[in-house]
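All remarks here apply to the structure that follows.
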Amino acid sequence: MTSVAETRLVLRGRGIVPGRVEGRALVSHETISGWGGIDPATGTIIERRHELYGVCFTGKVLVFPGAKGSSGWSGFFQSTRLMGTAPLAMVFTNLTTKAALGAIVTRVPTVTEFDDDPVARIATGDRVEVDADNGLVVVYGPRPGHPR
Amino acid sequence: MVALTDEEKAMRDGRDGDAVAAAMDLLIRYADALGAAHLCETRNVAGTNTQPSPAKTQLFEEGGWSKAFAVISLDCDDDIEVPRMKVPTCQLQHGFGDDALGIMPYSERNIELQADAESFYSSKGVNVLATCTPYQVGNLPTYGEHIAWMESSAVVYANSVLGARTNCEGGASTGSASITGRIPCWGNHLVENRYGTHLIESGLRMTGFQDWGMFGYFVGDAVQEARPVMVGDLGQPDLADLKHFGAAAASSGGVEMYHIPGRTPDAPTLEAAFGAAAPPEPLRYGEAERSAIYDSLNSIGNSEDVDFVLIGCPHASLEQIGRVARALEGRTLSAGTELWVMTPRALRAVSDRNGWTATIERAGGRVLTDSCPAMSRVAPTGTKVFATDSAKQAHYLPAILGIEAWFGTTEECVDAAVTGRWRGSLAPAAVVR
């Protein structure tokens with residue numbers, strides 16, 4: 000599964016919540032709101048104008064530009080952990096207090112501060128390994144067809 | 000890795016008990032995630048403990064408020080006893096209180112839980128100001144003071160208008176700060192991160208509260224999370240104007256800090272606002288931009304039949320409550336329309352003494368305290384269309400509640416409550432050049 004031949008891309012950043020997981024990416028090109036943006040009970044995006052409106056992030060590697068909106072951001076993502084709907088890992092571009100604290104209390108492997116923009120380079124459905132212990136995100140396989 | 004003082008190491012190592020040790024552990028993980036070099040000492044925390052949520056209610060039922068505080072406010076799984084708050088800590092706005100019982104579809108159980116939480120946390124030293132605007136009711140940090148506040152509109156006001164220093168904190172960081180007196184020294188706490196990044200040149204004078212809200216909404220959308228500097232012949236804003244401006248800028252973008260040279264304390268001059276850097280090319284705010292913002296804030300309204308009018312987001316100032324009372328004198332609300340003025344209980348006490356509450360209630364309106372329909376996610380039963388003078392609520396409530404919104408002046412909103420119809424329109428801009 001982790002053979003060199005399958006590796007398409009390695010993004011280097013800084014792990015801010017340790018751990019190492021492998022899963023499918025869910026990429027948001029837009030920032031994500033916690034309060035008013037997600038429903039912790041179902042792990043879905045509920046902001047009506049959001050590109051991922053109605054999409055569930057539970058068990059996915061959530062790749063996004065950063066956090067927006069209320070300071071309740073961390074509390075809403077913390078609730079996804081408590082309710083069993085958390086993403087598998089977080090990979091985000093812009094480091095802010097909301098996203099950093101949110102990742103910590105969600106307690107999923109998290110990498111940020113990349114040498115390249117993960118939102119531009121990773122596509123929804125990509126198989127990725129998030130190695131937050133070493134600050135790496137490894138993307139496997141061919142680039143799938145996707146609308147963007 | 001964050002560098003700790005001997006005092007901080009002692010707290011981390013358990014000298015002051017398990018809760019303080021857990022709080023230091025969270026703060027260290029958080030500081031390291033941010034890349035903070037050290038922690039700031041703070042004596043002013045504004046956070047939230049008493050607002051019921053499904054997760055918090057479940058934790059409370061498992062192990063009381065201690066369990067809820069440990070898990071949510073300290074990110075700790077151990078059974079701990081909640082110590083007395085180490086530094087002055089206040090409660091922000093929360094769900095509805097008992098003054099809203101029976102007038103909207105909000106669970107009575109939540110109201111009971113919240114009252115119980117208030118008793119618990121006040122016994123631990125939390126100051127139950129219960130408002131998104133602690134600066135309106137006695138929590139006024141001084142210039143340059145390091146504070147740890149939640150609530151986007153309070154954060155932007157504290158940084159920009161008061162010159163205090165805070166990032167946009169969350170539940171676990173404020174919970175941990177309240178029992179340690181520490182917060183990561185990062186972002187807005189550092190002078191080099193407080194200078195302006197964008198220049199906004201207004202060709203319009205702000206003619207009042209509504210104008211400041213639209214201007215804030217424009218600025219937030221234009222700069223997102225950056226630090227705008229506004230120039231032009233803007234006029235003299237008051238507390239409510241800047242409260243509204245910042246809340247709007249924090250809603251359409253994520254503004255935590257702005258400067259208005261000559262008006263806000265970090266920027267006596269344009270040069271001071273940008274520090275050593277030269278001011279960038281300005282973005283212009285003129286009649287076309289103002290009209291576009293007005294249209295955007297009113298784009299979710301179709302029906303002109305208004306069921307619900309909401310005044311006070313962030314919580315209404317005394318001056319705003321007085322304006323509503325004056326506009327309602329001798330009038331009666333339309334039978335099918337509710338009017339709520341949201342404010343802290345401390346300001347309601349003054350409103351009562353001034354006779355404003357009686358005037359508003361005589362007309363059929365309500366002055367509700369400590370609460371927020373957006374936090375509680377409910378409006379009066381059957382609301383399809385609401386009107387507000389708050390750009391922030393016009394932005395959020397349609398998304399949260401699936402209702403239509405009209406945005407206008409305070410007086411237009413009061414008229415809508417009296418007639419049951421929306422008849423607002425944009426007044427001409429005050430063009431200065």
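Protein sequences appear in the order of chains A and B.
Position 107, counted from 1, in the first sequence is what numbering that gives the first Met the number 0 calls 106; the numbers after and before it change by one each time, with no gaps.
Position 126, counted from 1, in the second sequence is what numbering that gives the first Met the number 0 calls 125; the numbers after and before it change by one each time, with no gaps.
Think of the CB as a built atom: it goes at the ideal place given N, C-alpha and C, for glycine as much as any other residue.
Is residue i close to chain B, meaning its C-beta is less than 8 angstroms from at least one C-beta of that chain?
i: Ile31/A; result: no
i: Arg19/A; result: no
i: Arg11/A; result: no
i: Gly134/A; result: no
i: Gly58/A; result: no
i: Leu81/A; result: yes
i: Gly53/A; result: no
i: Glu15/A; result: Looking at the sequence shown, residue 15/A is not Glu but Ile. Judged by the 8 angstroms Cβ criterion, Ile15/A is in contact with chain B.
i: Ala88/A; result: no
i: Ser27/A; result: no
i: Ser2/A; result: Residue confidence for Ser2/A is low, a pLDDT of 49 falling below 50, so the modelled location carries little weight; the figure read from the coordinates is stated next. No, its Cβ sits nowhere closer than 8 angstroms to a Cβ of chain B.
i: Gly74/A; result: yes
i: Leu100/A; result: yes
i: Glu5/A; result: no
Are the Cβ atoms of residue i and residue j separated by less than 8 angstroms?
i: Met82/A; j: Ala54/B; result: yes
i: Leu425/B; j: Tyr293/B; result: yes
i: Phe208/B; j: Asp240/B; result: yes
i: Val26/A; j: Val110/A; result: no
i: Gly274/B; j: Tyr194/B; result: yes
i: Val70/B; j: Ser177/B; result: no
i: Thr331/B; j: Asp306/B; result: no
i: Gln113/B; j: Gln57/B; result: no
i: Leu10/A; j: Asp115/A; result: yes
i: Thr84/A; j: Ala40/A; result: yes
i: Gly261/B; j: Gly202/B; result: no
i: Gly170/B; j: Thr47/B; result: yes
i: Thr6/A; j: Val137/A; result: yes
i: Leu91/B; j: Tyr134/B; result: no
i: Val230/B; j: Asp304/B; result: no
i: Val104/A; j: Val62/A; result: no
i: Pro397/B; j: Ile299/B; result: yes
Given that residue i touches chain A, what residues does it touch there, using C-beta distances under 9 angstroms?
i: Val154/B; result: Ser70
i: Ala275/B; result: Here the premise fails: no neighbours, minimum Cβ distance about 24 angstroms.
i: Leu189/B; result: By Cβ distance, chain A contributes nothing, its closest Cβ being about 13 angstroms from Leu189/B, past 9 angstroms.
So which residues on chain B does residue i lean against when the C-beta distance must stay under 9 angstroms?
i: Ile37/A; result: Here the premise fails: no neighbours, minimum Cβ distance about 12 angstroms.
i: Val159/A; result: What the structure shows of chain A is the stretch from 0 to 147, and residue 159/A is not part of that stretch, so it cannot be assessed.
Could you tell me which chain B residues have their CB closer than 7 angstroms to the CB of residue i, listed as they occur along the chain?
i: Arg47/A; result: Ala398
i: Val104/A; result: Asp74 and Ala171
Would you give the residue range spanned by the alpha helix (DSSP H) that residue i belongs to?
i: Glu7/B; result: Asp5 to Arg11
i: Leu346/B; result: Arg344 to Asn353
i: Tyr293/B; result: Glu286 to Leu296
i: His243/B; result: Leu238 to Ser251
i: Tyr105/B; result: No alpha helix (DSSP H) holds Tyr105/B; DSSP gives it neither H nor E.
i: Gln392/B; result: Ala390 to Leu400
i: Gln77/A; result: Trp72 to Leu81
i: Ile178/B; result: Gly170 to Thr179
i: Gly16/B; result: Counting along the chain, Gly16/B falls outside any alpha helix (DSSP H), and DSSP gives it neither H nor E.
i: Ala102/A; result: Thr96 to Thr105
In chain A, which residues lie less than 8 angstroms from residue i when you measure between Cβ atoms?
i: Pro343/B; result: Result: empty, since nearest Cβ-Cβ is about 18 angstroms, beyond 8 angstroms.
i: Ala54/B; result: Pro39, Gln77, Ser78, Leu81 and Met82
Since residue i and residue j should fall inside the 8 angstroms C-beta cutoff, what is the C-beta to C-beta distance between them, to a whole number of angstroms?
i: Trp355/B; j: Gly329/B; result: Contact flag wrong, Cβ pair sits at about 14 angstroms.
i: Glu168/B; j: Ser70/A; result: 6 angstroms
i: Val218/B; j: Val254/B; result: 7 angstroms
i: Pro227/B; j: His197/B; result: 5 angstroms
i: Lys59/A; j: Pro86/A; result: 6 angstroms
i: Glu7/B; j: Arg289/B; result: 49 angstroms between Cβ atoms; not a contact.
Is any beta-carbon of chain A found at less than 8 angstroms from that of residue i?
i: Gly63/B; result: no
i: Val413/B; result: no
i: Tyr29/B; result: yes
i: Glu150/B; result: yes
i: Met0/B; result: no
i: Ile71/B; result: yes
i: Ala9/B; result: no
Determine the extent of the beta strand (DSSP E) in which residue i is found, giving its start and end residues.
i: Gln223/B; result: Taken as a continuous stretch (DSSP letters only), Gln223/B belongs to no beta strand (DSSP E), as it is neither H nor E.
i: Glu21/A; result: Arg19 to Val26
i: Asp130/A; result: Arg126 to Asp130
i: Leu135/A; result: Leu135 to Tyr139
i: Met89/A; result: Ala88 to Phe91
i: Arg7/A; result: Thr6 to Arg11
Name the chain A residues that come within less than 7 angstroms of residue i, Cβ to Cβ?
i: Asn166/B; result: Thr96
i: Tyr395/B; result: Gly35
i: Gly186/B; result: Thr96
i: Gly253/B; result: Lys67
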